[in-house]
Amino acid sequence: MPCAICLSYEHLVEECPTIPTVREMFGDCNTYNSNWRNHPNLSWKPQPPQYQQHVQALPQASSLEQAMVNLTKVVGDFVGAQKSINAQLSQRIDSVESSLNKKMDGIQNDLSQKIDNLQYSISRFANLNKVQEKENSPLNLIKFHEYP
1 MPCAICLSYE HLVEECPTIP TVREMFGDCN TYNSNWRNHP NLSWKPQPPQ YQQHVQALPQ
61 ASSLEQAMVN LTKVVGDFVG AQKSINAQLS QRIDSVESSL NKKMDGIQND LSQKIDNLQY
121 SISRFANLNK VQEKENSPLN LIKFHEYP
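Counted from 1, the sequence shown has number 60 at position 60 by UniProt numbering; the numbering is strictly sequential.
This is the structure we're talking about:
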């Protein structure tokens with residue numbers, strides 16, 4: 001339902017921004033004037049049916065057009081806001097991706113260095129083991145016993 005005061009679909013009658021303006025103009029004073037009782041423009045005579053139908057048809061078209069304008073504006077604002085949010089999220093995702101790539105590169109380099117250290121230690125251990133096997137070979141034992 002549109003606001004009965006300004007025919008806007010963006011708010012309810014109680015929230016109409018024109019209400020404070022009307023209150024400022026009239027305040028809380030009594031606006032009734034007894035001289036208006038018999039004024040021809042303020043009478044409560046029924047209006048002719050043709051005029052009523054014409055008045056009803058015109059505001060409906062106007063209300064529909066206003067609703068379309070309001071809807072277009074609301075949707076446009078929403079799309080604009082959503083594009084801004086999407087751009088911010090894209091920047092944040094790129095930042096997180098960059099941080100993760102840097103951390104993963106650091107971890108990979110650290111692991112590579114540790115693997116190199118392990119390979120070096122294993123090769124030293126293997127060489128030490130070969131040296132000990134040569135020292136404990138039967139030929140070395142015989143030589144060792146021959147020359148005390």
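Glycine included, every Cβ here is placed at the ideal spot set by N, Cα and C.
None of the values given here were measured: they were computed from a predicted structure.
Assignment of residue 18 by DSSP, reduced to helix, strand and coil, places it in the coil class. With a beta-carbon spacing of about 5 angstroms, residue 9 and residue 70 fall inside the 8 angstroms limit used to define contacts. Within a 10 Å sphere around the beta-carbon of residue 17 sit fewer than 16 other beta-carbons, which makes this residue exposed. Setting aside the 5 residues that flank it on each side, residue 128 has no residue in the same chain whose C-beta is closer than 7 angstroms to its C-beta. In its chain, beyond the 5 residues on either side, 2, 9 have a beta carbon closer than 8 angstroms to the beta carbon of residue 67. Less than 7 angstroms separates the beta-carbon of residue 63 from that of residue 7. When secondary structure is reduced to three states using DSSP, residue 120 falls in the helix class. Taking C-alpha positions only, residue 99 is separated from residue 134 by approximately 53 angstroms. Residue 80 and residue 14 have their C-alpha atoms spaced approximately 29 angstroms apart. Between the C-alpha atoms of residue 88 and residue 116 there is a straight-line separation of about 42 angstroms. Separation of residue 76 and residue 90 (C-alpha to C-alpha, rounded to the nearest whole angstrom) is 21 angstroms.
In the structure shown, residue 81 adopts helical secondary structure according to DSSP, grouped into three states.
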